[in-house]
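Which chain is which? The protein sequence lines are A and B, in order.
Under our numbering, the first residue of the first sequence carries the number 135, and numbering increases by one thereafter.
Under our numbering, the first residue of the second sequence carries the number 21, and numbering increases by one thereafter.
All C-beta atoms, glycine included, are put in the ideal place defined by N, C-alpha and C.
Note that the structure is a prediction, hence the values are computed from the model and not measured.
Here is the structure we will look at, set down as structure tokens.
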Amino acid sequence: MQAIQAEDPDALAQLYDRYNGILKALILRVVHNEAEADDLLQEIFMEIWNQAKNFSAQKGKPLGWMVTLARRRAIDGLRKKQAYARAEERLQNETEQQPDAWVHNATEEAIVLGDTRLLMRKVISGLPPAQQQAIDLAFFQGMSQREIAAKTNTPLGTVKTRLELGLKKIYDGLKELRDEL
Amino acid sequence: MSFEQFQNQSRLYVIGALDPEEQEEFERARAKFGKKAEDFITECYSLHEAFALSLRPAKSSAAIKERLMAMVRARKEA
Numbered sequence: 135m136q137a138i139q140a141e142d143p144d145a146l147a148q149l150y151d152r153y154n155g156i157l158k159a160l161i162l163r164v165v166h167n168e169a170e171a172d173d174l175l176q177e178i179f180m181e182i183w184n185q186a187k188n189f190s191a192q193k194g195k196p197l198g199w200m201v202t203l204a205r206r207r208a209i210d211g212l213r214k215k216q217a218y219a220r221a222e223e224r225l226q227n228e229t230e231q232q233p234d235a236w237v238h239n240a241t242e243e244a245i246v247l248g249d250t251r252l253l254m255r256k257v258i259s260g261l262p263p264a265q266q267q268a269i270d271l272a273f274f275q276g277m278s279q280r281e282i283a284a285k286t287n288t289p290l291g292t293v294k295t296r297l298e299l300g301l302k303k304i305y306d307g308l309k310e311l312r313d314e315l
Numbered sequence: 021m022s023f024e025q026f027q028n029q030s031r032l033y034v035i036g037a038l039d040p041e042e043q044e045e046f047e048r049a050r051a052k053f054g055k056k057a058e059d060f061i062t063e064c065y066s067l068h069e070a071f072a073l074s075l076r077p078a079k080s081s082a083a084i085k086e087r088l089m090a091m092v093r094a095r096k097e098a
């Protein structure tokens, strides 16, 4: 990140090689459209380049900063295009097709996973489906608790409890991993 | 609001799931707990990274990188 802050294009190229797969997966999870995800990925790396001076290592790791930025941008993109309805429909279909931690039959072959990735998959797939769904809608679709309650036809208090319990379990899992490392 | 309640709210805050009225109460508690609160919120942002890592990485086209690097180099030379 220091080299990017010093405006070294090769450093950005390295950063891209290292993290484009993670960021693209996140964007794709939000917008559910390959071409839009590619466009957003390019915009996000351009923003990383432009905003690098605002990154502070004291406030966290580069990946965390980039993910926060990518998520915000992807959700903004989704809202701007008023694609909520279409995305929800695709999300429903893709939930059955996409093998990742948010689906119960996740397979992990062909990918070398780091400790965090393995742990997160384990923790998330171990959450009750209702907690997974609430977190998925909040994080990847940018929905508020009220919107989740309306979408899932669930009392607001229940949504709140699901989010709190689910997030705490994930947070505790991360903390445990950090303590071990 | 106790600090434990604040911690629960912080995790909702970083994923943008607090409702407006909760947000106000959260900000009051944030001011009350000061640095301890800020440190905890910073820690909570690690959830973002964790959610991204929970997904299977996706492949992007090589043309994206080429376009990006061309834009960056052009901007640098300008």
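Considering only the alpha carbon of each residue, which of the options lies closest to residue i?
| i | options | result |
| --- | --- | --- |
| A:I156 | B:K56, B:A72, B:R50 | B:A72 |
| A:P143 | A:N167, A:R163, A:N184, A:D172 | A:N184 |
| A:R280 | B:M21, B:E24, B:G36 | B:G36 |
| B:A90 | A:P262, A:M135, A:L301, A:Q176 | A:Q176 |
| B:R93 | A:M254, A:G198, A:R251, A:A145 | A:A145 |
Throw me the rounded Cβ distance for the residue i and residue j pair, which I believe falls under 8 Å.
| i | j | result |
| --- | --- | --- |
| A:I161 | A:L174 | 5 Å |
| A:M180 | B:L75 | Wrong, their Cβ atoms sit about 22 Å apart, outside the cutoff. |
Would you verify that the beta carbon of residue i is, or is not, closer than 7 Å to some beta carbon of chain D?
| i | result |
| --- | --- |
| A:I178 | No chain D is part of this structure, whose protein chains are labelled A and B. |
Which class does residue i belong to by DSSP, given the choice of helix, strand or coil?
| i | result |
| --- | --- |
| B:K79 | coil |
| A:P143 | helix |
| B:H68 | helix |
| A:M180 | helix |
| A:T286 | helix |
| A:F189 | coil |
| A:M200 | helix |
With a 10 Å radius around its C-beta and 16 neighbouring C-beta atoms as the bar for buried, classify residue i as buried or exposed.
| i | result |
| --- | --- |
| B:E86 | exposed |
| A:F274 | buried |
| A:E298 | buried |
| B:A51 | exposed |
For residue i and residue j, what's the separation of their Cα atoms in angstroms?
| i | j | result |
| --- | --- | --- |
| B:R48 | A:D151 | 42 Å |
| B:R95 | B:Q25 | 47 Å |
| B:P40 | B:A83 | 42 Å |
| A:G291 | A:L271 | 16 Å |
| B:A98 | A:A268 | 47 Å |
| B:Y33 | A:L301 | 11 Å |
| A:R255 | B:H68 | 14 Å |
| B:G54 | A:R251 | 32 Å |
| A:A169 | A:K158 | 11 Å |
| A:K195 | A:L308 | 14 Å |
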